[in-house]
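Numbering (the numbering used here), first residue to last: 1 to 1142.
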């Protein structure tokens, strides 16, 4: 802080002096003495300001002698005599605080620092600080310090000295310095630079001249290797050139004679001054700057096809560097691939990029003119050097664009559905709707020109070739099948789709109306062709009705129309889509029969020019017709056409009023025809024969028929009613000798007709014989209240009597007066028989014959066995049987029944043998039954049932069942059993394996009651069930009932006796059959049915046939276990006396 302090040790009281013995650095030793006293104990004595010790600073002077040497002279320190003083040179002296020693021999003055002292040399070249101001007590101008000396005002054309430092350390000392300035000469380097970058132009060939102050070119001289003089220097590829010799200080000019390639020639001389000495290692650099030549590129748009200009504004291009765009100074202005300029065309279709550096470019179109496709291929263009005198280079390029084109895609749609019609072969013609002009002005097609004709492929589409943009008309020339040609052209414009699209597309949708059709129905009368009004027809789709666009307009079976014929017999549908239809008549007018035929009508394509096709369906309805076909029966039974039969045909309505009335007579063909019979609501039709021939029976029936709403009679349009006039019947009686067969005349017969109620009882209270031979009343008289005599006659010599002209009905022919030489036809105590009952009807022969003879009344028959084989349906029986009279004198016969289970391979759950005892109708009565010894019954038991002529066939007399104790069948299904309703239990639980005799007398029958049927109910039987061990040996019943091995077998036996109702010559007929139930799931084949046999009639052997039936097994198993009752085949039995055989 400028105050120095010190402290001494404790000093005793006294007076003291303070003297400076060592001054601070830079100061002189002070000679002042300071006195002070110590008079107070412990007091510190301080030197006050008045007591401050002020030292005097050291100060020195600076003395500089400034001299200079002549041009080219090198002045040394020892050659000062040759030096000349340099007046007016200024030096600045800076204190140490105002500069910085850089450590490399250079110094830097601090910013804002001012010189501590400034001195200027006088005429003698001397400058010193002695005249500079200073403090009064300071011995020099420069206080103690380090100083920097800088020549800040040098002598012109002389080089200043280097700055130097010195230290002012001694007081009053003058520091002397000798500063020698040399005359300025400079080594000069000429540099060719780019005017924009300032960088050397690295292109050889620039020629320069150095001019003196009067602008005279300096001439340079060389003597080696030869003496030459020149005033122009050529710059190499470094852009630099050194002057051959140094230049003295002075003013000069640099002139360019020839510019480097790529640059403009500089027309201005560049002045420069040599004011500082420079050596060749650090020469004076003089630059001559040139502007690089630039240029412009013009792009012009043309049509790539015609080469004609496209005058369109707004086309845009990028100018892209094809390689690095650089100038001679090496500066890359546009790297390769980068955009140098973006230009846009004016209305003339041209665009120019200005101020471009020379180089190779590519013109890239970025926005094409409307109507053209963007050209993706760049165009190369080069801006080349046009010479140093040309201000700007120029390049131009034509840039061709392909005009955008288009394709018209024509396709067909259904005008109704809008759906595509994807079929091949549709043809279109495309014409120019107006002149087609591209932007370059070229007319590509004139209005009306056909530019394309196309045909659709399988996808239903057709494409034109590439067309120029413009307006077109697409016209259909060939429509697809099923459609009407659309004569209206479709306008299509191929519009510009943008520069990126090479080929635009436009669609031409041509709508075609599907062709339709009308079905016209013409209804006529099938008979005479007249028009039939009022017929109703229903039209339905025969299959799905589909137009080519895939639209289903009607599904198969849909009703598409219902029409009714008018007075002209015609009807037509509305317009229908093409396809197959079914036309069916649903209602017919009165008098005609409906046509049930379904008519298939095809509405087919009639060509593209036809909007509505028409198909005519001609149909005819048959008139509702009633045809009567009359036949007449001849005597021999043949039917022939019969003319002359008269008929009344009429109809009544619901109220009974006559609504139709007609009469008709059959013609030669035996028929008459009534046509157009109305089918009015609720009419009932009737017809009746009113007259026929004398030999024929008039048909009294009133026949009813109806005409339905469809005009059909019994489902037919023409109903044929077949009617027969039956010939009046003839009965012929023949009387013969029983033994010789000779005719017997003189026998009287009466013919009676039944006039009683209903039909006569053929049994006459149970006294009926067989096949029309009837027992009369007990008194032998004909009941006149029931029978009316219609004729009498006597046999002629031929034994015949004939009764003719018989109407239908029941008749009885009675032998009233027998020939006296012969016995009566039947003789019995108290009565006279001989009556033949027959029915005359359409099923009987026109001529019937009955033969009468005398026959023996004694008959005993024993048929041992007859059976029907299950598979062959053949029967075996004896042909003769012996006559026996038993030991009590009763005339009897016996038949045996044998049966087996055949080839069945399953157990029968229930088995029964039924004998209907049909012989009782012949006057034979059952006496005894001996059951057989049967093999194979499951439980060994059989129930025996019977019925009589007084049995109630609907009553349940017993609930016994032979199946009660049988084991269940594991294969069985169901619970059915053979019914016993209407049967009485004779005996239950009879041993099946042994013979058991059962007598009718033990049944307690009522008076007049007799057995009419027996049944053996076995229940379950096993496989192989039978009553004979061997069925194959049987030949004749007259042989013993045993097999070839002599084994006696035991069949079922039935013994019976003859009553008064028996007639000689009757054929015996009986039938036994089995009932089987086998409840099994499996199904077996049915066995063949079997039949009975025929019996002969007395005299001529004519046959009447009777048939036995079987009862099939239930649940699908048919087992024929046949047991056929003994039968007498065609046996004539004659009356025998005294038991003699006949």
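For every residue, glycine included, the Cβ atom is placed at its ideal position computed from N, Cα and C.
All of these numbers come straight from a predicted model, not from anything done at the bench.
Check: Among 664, 135 and 632, which residue has its Cα nearest to the Cα of residue 728?
Finding: Within the chain shown, the letter at position 728 stands for residue 728. Of the candidates 664, 135 and 632, the one whose C-alpha sits nearest the C-alpha of residue 728 is 632.
Next item on the list: Can you check DSSP and say which residues form a bridge with residue 677?
Entry: As a working mapping, residue 677 is identified with position 677 in the chain shown. Answer is none; residue 677 lacks a bridge partner.
Note to self: Classify residue 256: buried if its beta carbon has 16 or more other beta carbons within 10 angstroms, exposed otherwise.
What the structure shows: Position 256 of the chain shown, counting from 1, holds the residue named residue 256. By the neighbour-count rule (16 or more Cβ atoms within 10 Å), residue 256 is buried.
Checklist line | Where residue 553 falls, given that 16 or more other Cβ within 10 Å makes a residue buried | finding: To locate residue 553, count along the chain shown from 1; it is residue 553. Result: buried.
Check: Between the stretch 647–665 and the stretch 738–747, do at least 3 Cβ pairs fall closer than 8 Å?
Finding: no
Checklist line | First through last residue of the beta strand (DSSP E) which encompasses residue 366 | finding: Position 366 of the chain shown, counted from the first residue, corresponds to residue 366. Residue 366 -> beta strand (DSSP E) spans 359–367.
Note to self: Let's test the definition: count the other Cβ atoms within 10 Å of the Cβ of residue 176 and tell me whether it reaches 16, buried, or not, exposed.
What the structure shows: Residue numbering aside, residue 176 sits at position 176 when the chain shown is read from its first letter. Exposed, since its Cβ has fewer than 16 Cβ neighbours within 10 Å.
Checklist line | Nearest to residue 484 (by Cα), restricted to the options 807, 578 and 520 | finding: Along the chain shown, one-based indexing puts residue 484 at 484. Answer by Cα proximity: 578.
Item checked: Residue-chain proximity (residue 116, chain C), Cβ-Cβ < 7 Å -> Among the protein chains of the structure shown there is no chain C, as only one such chain exists.
Check: Buried or exposed: where does residue 759 fall if 16 or more other Cβ atoms within 10 Å of its Cβ makes it buried?
Finding: One-based indexing of the chain shown puts residue 759 at position 759. Residue 759 should be labelled exposed.
Notebook entry, point to check: Beta carbon of residue 793, beta carbon of residue 734: below 7 Å?
Noted result: Within the chain shown, numbered from 1, the residue matching residue 793 stands at position 793. Within the chain shown, numbered from 1, the residue matching residue 734 stands at position 734. Their beta carbons are not under 7 Å apart, which means residue 793 does not touch residue 734 by this criterion.
Checklist line | Inter-residue CB distance, residue 581 and residue 541 (contact presumed, cutoff 8 Å) | finding: Taking the chain shown and counting its residues from 1, the one referred to as residue 581 is at position 581. Taking the chain shown and counting its residues from 1, the one referred to as residue 541 is at position 541. Between residue 541 and residue 581 the Cβ distance is about 6 Å, and since that is below 8 Å, they are a contact.
Check: Going straight from the alpha carbon of residue 338 to that of residue 415, what length do you get?
Finding: The residue labelled residue 338 in the question sits at position 338 within the chain shown. The residue labelled residue 415 in the question sits at position 415 within the chain shown. Cα-Cα distance, rounded: 57 Å.
Note to self: If I follow the unbroken beta strand (DSSP E) through residue 840, where does it start and stop?
What the structure shows: As a working mapping, residue 840 is identified with position 840 in the chain shown. Counting along the chain, the beta strand (DSSP E) containing residue 840 begins and ends at 835–840.
Item checked: Member of 785, 672, 795 and 846 whose CA lies at the smallest distance from the CA of residue 639 -> The residue you call residue 639 lines up with position 639 of the chain shown. The shortest C-alpha separation from residue 639 is found at 846.
Item checked: Proximity to residue 282 [Cα-Cα], best of 187, 267, 332 and 259 -> Within the chain shown, numbered from 1, the residue matching residue 282 stands at position 282. It is 187.
Check: When DSSP labels each residue in this structure, what does residue 124 get in the three-state scheme?
Finding: Here the question's residue 124 lines up with position 124 in the chain shown. Correct three-state label for residue 124: coil.
Item checked: Residues of its chain near residue 557, where Cβ-Cβ distance is below 8 Å and the 5 sequence neighbours each way are ignored -> Position 557 of the chain shown, counted from the start, is the residue given in the question as residue 557. Contacts found: 540 and 541.
Check: Considering residue 184, what are the terminal residues of the beta strand (DSSP E) in which it resides?
Finding: Within the chain shown, the letter at position 184 stands for residue 184. Run containing residue 184: none; DSSP gives neither H nor E here.
Check: How about residue 1011 and residue 957: are their beta carbons less than 7 Å apart?
Finding: As a position in the chain shown, residue 1011 is number 1011, starting the count at 1. As a position in the chain shown, residue 957 is number 957, starting the count at 1. Cβ distance not < 7 Å, so residue 1011 and residue 957 don't count as in contact.
Check: By how many angstroms is the C-alpha of residue 182 removed from the C-alpha of residue 74?
Finding: Stepping through the chain shown from its first residue, residue 74 is reached at position 74. Stepping through the chain shown from its first residue, residue 182 is reached at position 182. Note on residue 74: pLDDT 48, under 50, position unreliable in the model; the coordinate value appears next. Looking at the two C-alpha atoms, the distance is approximately 7 Å.
Note to self: Less than 6 Å between C-beta atoms, sequence neighbours within five positions excluded: which residues of the same chain meet that for residue 529?
What the structure shows: Walking along the chain shown from the start, residue 529 turns up at place 529. Same-chain partners within the cutoff: there are none.
Note to self: Give me the DSSP bridge partner(s) of residue 946.
What the structure shows: By one-based count along the chain shown, residue 946 stands at place 946. Answer is 984 and 1014.
Notebook entry, point to check: To the nearest angstrom, how far is it from the Cα of residue 319 to the Cα of residue 230?
Noted result: Indexing the chain shown from 1 puts residue 319 at position 319. Indexing the chain shown from 1 puts residue 230 at position 230. Roughly 46 Å separates the two Cα atoms.
Note to self: Let me make sure I understand the geometry here. Which of 108, 95, 130 and 103 has the alpha-carbon closest to that of residue 115?
What the structure shows: Counted from its first residue, the chain shown places residue 115 at position 115. Ranking 108, 95, 130 and 103 by Cα distance to residue 115 puts 95 first.
Checklist line | Three-pair Cβ contact test at 8 Å for the stretch 465–485 versus the stretch 431–447 | finding: Segments in contact, yes.
Notebook entry, point to check: Based on the DSSP output, what are the partners of residue 621 in its beta bridges?
Noted result: Position 621 of the chain shown, counting from 1, holds the residue named residue 621. Its beta-bridge partners are 525.
Check: Would you call residue 835 buried or exposed, if buried means 16 or more other Cβ atoms sit within 10 Å of its Cβ?
Finding: The count along the chain shown starts at 1 and reaches residue 835 at position 835. The residue in question, residue 835, is buried, as its Cβ has 16 or more Cβ neighbours within 10 Å.
Note to self: Could you tell me the alpha carbon to alpha carbon distance between residue 805 and residue 672, rounded to whole angstroms?
What the structure shows: As a working note, residue 805 is residue 805 in the chain shown. As a working note, residue 672 is residue 672 in the chain shown. C-alpha separation (whole angstroms): 27 Å.
Margin query: Shorter than 6 Å, the distance from the beta carbon of residue 1026 to the closest heavy atom of the ligand MG, or not?
Written below: With respect to the ligand MG, the structure shown offers nothing to examine, as it has no ligands at all.
Checklist line | Stretch pair the stretch 718–725 + the stretch 609–629: three plus CB contacts closer than 8 Å | finding: yes
Item checked: 3-residue-minimum beta strand (DSSP E) runs that sit fully inside the stretch 240–325, ordered along the chain -> 240–242, 250–258, 270–274, 284–290, 294–303 and 316–321
Next item on the list: List the whole-angstrom C-beta distance separating residue 254 from residue 293, where the pair is believed to meet the contact cut-off of C-beta under 8 Å.
Entry: The residue labelled residue 254 in the question sits at position 254 within the chain shown. The residue labelled residue 293 in the question sits at position 293 within the chain shown. Contact doesn't hold; Cβ gap of about 21 Å is too wide.
Check: For the beta strand (DSSP E) that contains residue 850, what are its first and last residues?
Finding: To locate residue 850, count along the chain shown from 1; it is residue 850. 847–852 is the extent of the beta strand (DSSP E) around residue 850.
Next item on the list: Report yes or no: do three or more beta-carbon pairs, one from the stretch 98–108 and one from the stretch 18–27, lie closer than 8 Å?
Entry: no
Note to self: Give me, in chain order, the residues of the same chain whose beta-carbon lies closer than 7 Å to that of residue 1004; leave out the 5 immediate sequence neighbours on both sides.
What the structure shows: Taking the first residue of the chain shown as position 1, residue 1004 is located at position 1004. Around residue 1004: no qualifying Cβ.
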